[in-house]
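Below: the structure, in structure tokens.
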Amino acid sequence: MPLETKRARYGAEAFNAPRSELPSPFPRTMGPNCMTYLKDVVDAGLSGNMIGRFEAAFAEAMGVRHCIATPGCTPALAILAAAFDFEPGDEIIVSPITDYGTMQGLLSEHYIPVFADTQSGTVNIDAET
Numbered sequence: 336m337p338l339e340t341k342r343a344r345y346g347a348e349a350f351n352a353p354r355s356e357l358p359s360p361f362p363r364t365m366g367p368n369c370m371t372y373l374k375d376v377v378d379a380g381l382s383g384n385m386i387g388r389f390e391a392a393f394a395e396a397m398g399v400r401h402c403i404a405t406p407g408c409t410p411a412l413a414i415l416a417a418a419f420d421f422e423p424g425d426e427i428i429v430s431p432i433t434d435y436g437t438m439q440g441l442l443s444e445h446y447i448p449v450f451a452d453t454q455s456g457t458v459n460i461d462a463e464t
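For the sequence shown, our numbering gives the first residue as 336, with consecutive numbering after it.
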């Protein structure tokens with residue numbers, strides 16, 4: 336088969352496959368206020384406070400006093416690691432099936448990530464492994 340006619344294994348064919356019972360992130364829909372908020376951010380430039388507004392609203396929705404917005408999971412995990420009451424050099428047990436961001440946050444605080452073994456026949460970890 337010529338190269339240009341080959342499809343990626345998980346490309347358009349997988350995307351157009353029959354719907355499963357699991358929720359799909361595609362297609363993503365935008366709420367009715369999306370363009371209004373986007374315009375607010377662009378118009379405000381660097382002087383806007385959309386993140387502060389989000390943090391306050393999210394904290395209220397969660398019933399907590401504080402919330403810190405992050406651009407992704409890696410910085411969120413780094414903030415979490417910094418909040419731990421561990422000493423530099425302490426070993427922290429983590430799943431071996433994870434993203435590098437998990438390790439990055441721990442390493443930035445000088446903790447030592449230790450991978451737990453998975454249970455035989457599964458990808459789960461428990462106190463025994």
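Glycine is no exception: its CB is placed at the ideal position from the N, C-alpha and C atoms. Here the structure is a predicted model, which is why all the values come from computation and not from measurement.
Residues that DSSP places opposite residue i in a beta bridge
i	result
Phe450	Val429
Three-state secondary structure assigned by DSSP to residue i
i	result
Thr364	coil
Ser382	helix
Leu373	helix
Cys402	coil
Ser443	helix
Ile414	helix
Glu463	coil
Phe393	helix
Thr437	helix
Thr457	coil
Alpha-carbon spacing of residue i relative to residue j, whole angstroms
i	j	result
Ser473	Asp452	Absent from the model: residue 473. The displayed extent of the chain is 336 to 464, so no value can be given.
Met365	Tyr372	11 Å
Thr405	Ile414	9 Å
His401	Ala418	14 Å
Asn459	Phe361	28 Å
Ile386	Val376	10 Å
Asn368	Ser359	22 Å
Met480	Pro448	As displayed, the chain neither begins before 336 nor continues past 464, which places residue 480 out of reach and without an answer.
His445	Asp425	8 Å
Cutoff 8 Å: residue i Cβ touching any chain D Cβ
i	result
Gly456	Absent here is chain D; the protein component of the structure consists of one chain.
Presumed contact (8 Å Cβ cut-off) between residue i and residue j, rounded CB distance
i	j	result
Ile403	Glu422	Not really, about 23 Å apart at Cβ, beyond 8 Å.
Checklist entry - Would you call the segment 434 to 453 and the segment 397 to 413 in contact, with 3 or more CB pairs under 8 Å? => result With the cut-off at 8 Å, the segment 434 to 453 and the segment 397 to 413 touch.
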